[in-house]
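Colleague: Numbers given in the working numbering equal positions in the sequence shown, counted from 1, plus 3. The C-beta atom is built at its ideal place from N, Cα and C for all residues, glycine as well.
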Amino acid sequence: MAQNAADAAAKAGVPGRVRVQLDGRTLSIANTGAPLDVSGVHALTALRASGKAEAATVGRFGVGFTAVLAVSDDIEFRSTTGSLHLSRDRTREALSEGGIATPNAVRPDRPADADPAAPTFQPPALRLAWPVEARPAPGFDTEVVVRLRADVDAEALLTAMHDEAADLLLELPALQVLRIDDAEFTSVVRELGDGLAELGVTGPDDRRRTWWQFRTPRARWLLPLRDGKPHAAPHDVLRAPTRSDEELSLPALLIADIPMQPDRRRLLPGARVAELASGYADFARALPPADRLVLVPAPGFARSEADGLLREALVRELQTHSWLPVVDTSTRRTESGPADADTPETVDRAGELGHGVDLDRDAAPTAVPTRASVFPYLTPELARLLDDVVGPLVIPELSDRAHTEALAVLDVHRLGLARLAELSSGVDRPPAWWREWYAALEPFVVDPLTAEELGALAVPLADGRLVTGPRTVVLDDLLEVAIPLHWARLVHPEAAHPLLSRLGARSATAEDLLADPALHADLADHPDDPDLVDAVLRLAAHADPDALPPWLGMIELPDATGELLPADELLLPEAPLYALLVEDAPLGTLSEEVVAEYGAQALRAVGVGWDFGIVAESDPTGPDHHLDDEEAWWAGLPEEPSEFVAVRDLDLVDDIAWPDALHQLLSEPRTRRLLADPDGYTAWWLRRHARLDGIPLGHYRHPRDAEFTGLLPEFAVPGLSHADLEVLRTVLANPERITPDLADALLAALADPANSPEPEVVSRAHRHLAAVADRLDLTELVLPERVRALSGATVAASDAMVLDLLWFGLALPPDRLVFGDQETASGLATLLDLPLVSESVTAEVLGAGLRTSWSAAPLGVVLRQLFSLAPQEGELVLHEDLRVRLSGAATGTVSVPWWRTGTETHVRMPAAVDGTSPAAS
Numbered sequence: 004m005a006q007n008a009a010d011a012a013a014k015a016g017v018p019g020r021v022r023v024q025l026d027g028r029t030l031s032i033a034n035t036g037a038p039l040d041v042s043g044v045h046a047l048t049a050l051r052a053s054g055k056a057e058a059a060t061v062g063r064f065g066v067g068f069t070a071v072l073a074v075s076d077d078i079e080f081r082s083t084t085g086s087l088h089l090s091r092d093r094t095r096e097a098l099s100e101g102g103i104a105t106p107n108a109v110r111p112d113r114p115a116d117a118d119p120a121a122p123t124f125q126p127p128a129l130r131l132a133w134p135v136e137a138r139p140a141p142g143f144d145t146e147v148v149v150r151l152r153a154d155v156d157a158e159a160l161l162t163a164m165h166d167e168a169a170d171l172l173l174e175l176p177a178l179q180v181l182r183i184d185d186a187e188f189t190s191v192v193r194e195l196g197d198g199l200a201e202l203g204v205t206g207p208d209d210r211r212r213t214w215w216q217f218r219t220p221r222a223r224w225l226l227p228l229r230d231g232k233p234h235a236a237p238h239d240v241l242r243a244p245t246r247s248d249e250e251l252s253l254p255a256l257l258i259a260d261i262p263m264q265p266d267r268r269r270l271l272p273g274a275r276v277a278e279l280a281s282g283y284a285d286f287a288r289a290l291p292p293a294d295r296l297v298l299v300p301a302p303g304f305a306r307s308e309a310d311g312l313l314r315e316a317l318v319r320e321l322q323t324h325s326w327l328p329v330v331d332t333s334t335r336r337t338e339s340g341p342a343d344a345d346t347p348e349t350v351d352r353a354g355e356l357g358h359g360v361d362l363d364r365d366a367a368p369t370a371v372p373t374r375a376s377v378f379p380y381l382t383p384e385l386a387r388l389l390d391d392v393v394g395p396l397v398i399p400e401l402s403d404r405a406h407t408e409a410l411a412v413l414d415v416h417r418l419g420l421a422r423l424a425e426l427s428s429g430v431d432r433p434p435a436w437w438r439e440w441y442a443a444l445e446p447f448v449v450d451p452l453t454a455e456e457l458g459a460l461a462v463p464l465a466d467g468r469l470v471t472g473p474r475t476v477v478l479d480d481l482l483e484v485a486i487p488l489h490w491a492r493l494v495h496p497e498a499a500h501p502l503l504s505r506l507g508a509r510s511a512t513a514e515d516l517l518a519d520p521a522l523h524a525d526l527a528d529h530p531d532d533p534d535l536v537d538a539v540l541r542l543a544a545h546a547d548p549d550a551l552p553p554w555l556g557m558i559e560l561p562d563a564t565g566e567l568l569p570a571d572e573l574l575l576p577e578a579p580l581y582a583l584l585v586e587d588a589p590l591g592t593l594s595e596e597v598v599a600e601y602g603a604q605a606l607r608a609v610g611v612g613w614d615f616g617i618v619a620e621s622d623p624t625g626p627d628h629h630l631d632d633e634e635a636w637w638a639g640l641p642e643e644p645s646e647f648v649a650v651r652d653l654d655l656v657d658d659i660a661w662p663d664a665l666h667q668l669l670s671e672p673r674t675r676r677l678l679a680d681p682d683g684y685t686a687w688w689l690r691r692h693a694r695l696d697g698i699p700l701g702h703y704r705h706p707r708d709a710e711f712t713g714l715l716p717e718f719a720v721p722g723l724s725h726a727d728l729e730v731l732r733t734v735l736a737n738p739e740r741i742t743p744d745l746a747d748a749l750l751a752a753l754a755d756p757a758n759s760p761e762p763e764v765v766s767r768a769h770r771h772l773a774a775v776a777d778r779l780d781l782t783e784l785v786l787p788e789r790v791r792a793l794s795g796a797t798v799a800a801s802d803a804m805v806l807d808l809l810w811f812g813l814a815l816p817p818d819r820l821v822f823g824d825q826e827t828a829s830g831l832a833t834l835l836d837l838p839l840v841s842e843s844v845t846a847e848v849l850g851a852g853l854r855t856s857w858s859a860a861p862l863g864v865v866l867r868q869l870f871s872l873a874p875q876e877g878e879l880v881l882h883e884d885l886r887v888r889l890s891g892a893a894t895g896t897v898s899v900p901w902w903r904t905g906t907e908t909h910v911r912m913p914a915a916v917d918g919t920s921p922a923a924s
């Protein structure tokens with residue numbers, strides 16, 4: 004009935020309205036539209052035949068009106084052009100009155116308690132019609148009044164109609180209003196453009212159900228909306244136009260114009276089901292880009308034969324037409340010029356729709372799915388760059404896991420990180436593009452496996468090359484300018500990104516690059532290579548000079564005359580070192596043009612002189628640094644050093660310039676710290692070879708050191724601070740570090756009558772010399788003919804003896820005694836080649852004296868406390884007059900206050916005062 008109402012409305016070109024009312028057992032169905040005509044009467048009374056010939060009509064197979072027989076045998080068809088009454092009972096009566104015989108066989112389904120006399124023949128209810136005067140309800144053009152049979156549940160019938168009302172408005176677009184008793188259902192269609200329309204159905208509870216509708220030549224597709232977003236429809240059936248029994252599992256409802264069997268339940272055999280897919284890709288193209296994949300049939304088993312045919316046809320339609328939204332390349336093309344006219348049309352422009360009712364019409368590119376690629380979880384940043392690499396690329400909104408299945412159905416090529424890395428090797432882009440590329444890839448590197456996939460990623464170098472593999476390159480995060488290096492794969496600074504480090508790139512500073520063994524080898528072969536020299540100098544401007552290897556000085560640069568010389572044989576113009584050097588110093592002056600191009604800082608870093616230069620080497624193997632007297636210093640080391648650092652060109656300093664040279668050495672931190680190392684080459688060389696007034700620095704005593712006062716001159720250079728003097732201690736005479744050279748100087752000073760040291764100074768000097776006698780090569784010492792005696796006088800060595808037993812000093816004249824201390828007397832005698840007193844003079848104590856003990860004699864107790872003596876072994880012998888007879892190198896008898904013989908201690912008793920107190924006297 005609804006189909007007939009829809010056809011009538013369509014024929015009349017008016018909005019279709021249907022009203023269904025139940026009055027007791029009478030059901031009336033009224034509608035607007037074309038009224039009943041002659042052909043309509045013929046159709047009503049002809050079994051399964053229709054008088055409709057227009058293609059736009061729905062009911063063209065003669066079964067629409069016959070549906071009333073399911074609930075009634077008495078129907079009135081009222082129309083503004085005339086009304087008819089159709090009744091099974093009146094037909095039976097007419098047949099009887101006309102004498103027409105009817106069969107009266109017992110029906111198989113006749114109830115057992117039925118009246119045997121009751122007729123069993125049921126004449127057709129819709130073959131005979133009688134005109135009536137009744138008119139359709141006001142406001143309607145046609146009304147069908149159905150008197151329900153007694154076995155029909157009227158309320159259940161009305162409920163069933165209520166449940167199907169919304170579907171009828173979907174299936175029959177000519178109908179706009181369907182009212183069932185007090186419940187009204189309305190449909191509104193709003194055109195959205197590009198063939199897409201919004202179809203809304205509102206029920207009696209004001210609940211609105213919305214679909215997006217799209218028409219193709221053979222079908223009408225409906226996609227349900229929830230909260231303004233399209234969603235795949237639940238499993239449904241083919242509607243032709245009303246529901247059939249052909250089950251479907253398509254993402255959109257299908258209302259098709261296709262031949263059906265007479266009962267409208269099944270497709271007519273041979274029906275061309277696949278043709279219904281024509282135009283389905285246009286439906287997808289009309290949707291907003293982010294929603295288009297909702298129309299892709301999900302993988303699964305078909306629910307019917309028709310479903311299987313349709314799914315295959317729809318997928319084929321979608322795979323072979325351009326509708327899949329891809330990343331817009333129009334911006335890139337605008338920047339780089341128009342697209343090549345010969346480029347295959349794999350990307351088209353299409354209308355783009357928004358999610359809401361008001362949809363945009365901005366152009367959006369599309370592609371044939373089988374020619375497009377997808378990168379999972381594509382970001383907008385990566386999309387902008389990746390499209391440059393792989394061509395048509397599915398937009399980010401469709402690249403997440405939720406759409407993976409649909410894209411697989413469409414046979415869209417899936418990209419991985421490994422493939423991106425492989426493709427990048429053929430990309431020609433500026434360095435800044437590569438940094439953006441790495442930044443866009445970084446979020447996808449989440450574990451070692453993903454990092455491994457990018458192992459073949461291309462990397463642009465500072466020298467313009469594009470190489471494969473981050474593990475093969477080095478990064479300098481502090482470098483801001485591109486410096487072409489040929490000995491290392493340095494990443495272009497504008498392309499450098501932390502991702503490269505995560506992928507295995509080695510971090511390197513300018514110092515690391517300049518210390519690269521590959522550079523050393525290149526410089527050894529081609530020290531004058533212009534490109535190599537340029538790269539070194541430009542890189543050196545960003546490096547810490549103290550951290551650079553000395554062999555950088557081998558690069559050759561032009562001097563003021565244009566001759567190429569190693570950098571470490573050149574001085575910068577106006578270098579302060581010029582004033583300190585001897586006139587024939589073998590150092591040239593660097594060309595001023597080179598200074599202007601690279602700057603003094605970079606040139607000094609590679610060894611061009613300004614002040615004193617430094618030579619450094621880790622794990623040195625020998626004295627091979629071309630320094631003055633280096634072999635002698637190396638030979639004196641107790642073991643080979645792990646690191647060698649020294650000031651170079653010290654031997655080129657003019658003797659008269661050493662005060663200024665010391666100031667300069669102290670003013671630079673890198674040379675100042677070398678002065679503080681007493682064992683280093685620098686301090687060693689200065690002690691031996693640097694001279695002030697013709698005297699080596701190592702022969703000067705520190706101003707605050709009185710140990711050699713009167714023997715060595717005091718170091719005095721104007722302008723030095725206390726801190727400077729403390730640093731210079733290592734290059735001056737050190738009493739605790741007597742070297743062979745200092746020993747010679749001290750021996751000469753002790754023998755020089757012009758010096759007048761105090762006896763205590765002489766004694767300390769002898770003690771220091773004796774302490775190192777076993778470490779000196781005595782054969783190399785030049786022993787003077789005179790020695791300094793304890794008295795301070797210089798005496799002939801042949802008359803002197805070394806005092807080793809202290810009590811002999813009480814008996815022998817000090818002019819004959821040379822003394823340091825008792826413990827080192829033997830070493831001093833060996834050093835000076837002098838005899839010991841104990842070996843040259845013998846002594847005999849005269850007189851027996853009073854024998855006692857240290858603890859029993861009052862004098863013994865007083866002496867121990869007075870001289871802080873340890874407990875003494877042996878006897879204490881007291882003498883009123885202690886006299887000793889000497890023989891040997893010295894003869895005579897002398898009176899002494901103290902003497903020792905073996906373990907006995909002899910002491911002369913002092914004369915005590917009168918013991919009577921003053922008061923007693």
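1) Got a sec? Which residues, its chain only, sit under 7 Å from Ala5 by beta carbon, not counting five neighbours each side?
2) Please report the straight-line C-alpha distance between Arg242 and Leu195, rounded to a whole angstrom.
3) Buried or exposed for Tyr684, please, with buried defined as at least 16 other CB atoms from any protein chain shown within 10 angstroms of its CB.
4) Counting beta carbon pairs with one atom in the stretch 666-674 and one in the stretch 700-713, are three or more of them shorter than 8 Å?
5) Give the DSSP-derived three-state secondary structure of Pro569 in the structure shown.
6) Taking the straight line between their C-alpha atoms, what separation do you get for Gly54 and Val148?
7) Rounded to whole angstroms, how far is the Cβ of Ala168 from the Cβ of Leu160, which I believe are closer than 8 Å?
8) What number of angstroms, rounded off, separates the C-alpha of Pro576 from the C-alpha of Thr592?
9) If you draw a straight line from the C-alpha of Val611 to the C-alpha of Leu583, how long is it?
10) What do you reckon, are the CB atoms on Ala485 and Thr471 nearer than 8 Å?
11) Short check: CB of Arg691 to CB of Asp744, under 8 Å?
12) Give a yes or no on whether the C-beta atoms belonging to Leu506 and Pro496 are separated by under 8 Å.
13) Count the other CB atoms, across all protein chains shown, that sit within 10 Å of the CB of Ile103; report buried if there are 16 or more and exposed otherwise.
14) Which residues in the same chain as Leu815 place their Cβ atom closer than 6 Å to its Cβ, once the five residues preceding and following it in sequence are excluded?
15) Below 8 Å on the Cβ atoms is my guess for Ala280 versus Glu320; work out the distance and round it to an integer in Å.
16) For the 8 Å Cβ check, are there 3 or more pairs between the stretch 505-523 and the stretch 486-494?
17) Please determine, among Thr475, Pro913 and Gly891, the residue with the shortest C-alpha to C-alpha distance to Pro861.
18) My assumption, with CB atoms under 8 Å, is that Phe217 sits in contact with Leu199. Please give the rounded CB distance.
19) Buried or exposed, going by whether 16 or more other CB atoms sit within 10 Å of the CB of Ser759?
20) Would a C-beta distance cut-off of 8 Å place Pro463 and Ala409 closer than the cut-off?
21) Helix, strand or coil for Asp708 per DSSP?
22) Can you tell me which of Ala513, Trp554, Gly616 and Asp547 puts its alpha carbon nearest to the alpha carbon of Leu574?
23) Sort Leu809, Pro817, Leu853 and Pro126 by Cα distance to Ser841 and report the nearest one.
24) Cβ atoms of Thr48 and Arg130: under 8 Å apart, would you say?
25) Using alpha carbons as the reference points, say which of Arg152, Val191 and Pro139 lies closest to Leu72.
26) Use the C-beta contact count for Leu517: other C-beta atoms within 10 angstroms, 16 or more gives buried, fewer gives exposed.
27) Helix, strand or coil for Phe718, going by three-state DSSP, please let me know.
28) Pull up the distance between the alpha-carbon of Leu728 and that of Ala686, whole angstroms please.
29) Just curious, the beta strand (DSSP E) that Thr48 is in, first and last residue?
30) Return the Cβ separation of Pro38 and Thr83 in integer angstroms, given the expectation that the two are a contact with Cβ distance under 8 Å.
31) Please name the residue or residues paired with Glu641 in a DSSP beta bridge.
32) Assign Pro569 to buried or exposed, taking buried as 16 or more other Cβ atoms, counted over all protein chains shown, within 10 Å of its Cβ.
33) List the DSSP bridge partners of Pro134.
34) Which residues share a DSSP beta bridge with Thr512?
35) Buried or exposed for Ser325, going by 16 or more other Cβ atoms inside 10 Å?
36) Using the C-alpha atoms, what's the distance from Leu772 back to Val790?
Modeller: In terms of the structure at hand:
1) Val21, Leu171, Leu175 and Leu178
2) 24 Å
3) buried
4) no
5) strand
6) Low local confidence applies: a pLDDT of 46 at Gly54 is under 50, so the model's placement there is unreliable, and no value is given.
7) At roughly 13 Å, the Cβ-Cβ gap does not stay under 8 Å, so Ala168 and Leu160 are not in contact.
8) 6 Å
9) 16 Å
10) no
11) yes
12) no
13) exposed
14) Ala893
15) 4 Å
16) yes
17) Pro913
18) 6 Å
19) exposed
20) no
21) coil
22) Gly616
23) Leu809
24) yes
25) Arg152
26) buried
27) coil
28) 14 Å
29) No beta strand (DSSP E) contains Thr48, which is instead part of the alpha helix (DSSP H) from Val41 to Thr48.
30) 5 Å
31) Here residue 641 is Pro; the residue named in the question, Glu, does not match the sequence. According to DSSP, Pro641 bridges with nothing at all.
32) buried
33) Leu87
34) Thr512 pairs with nothing; no bridge assigned.
35) buried
36) 13 Å
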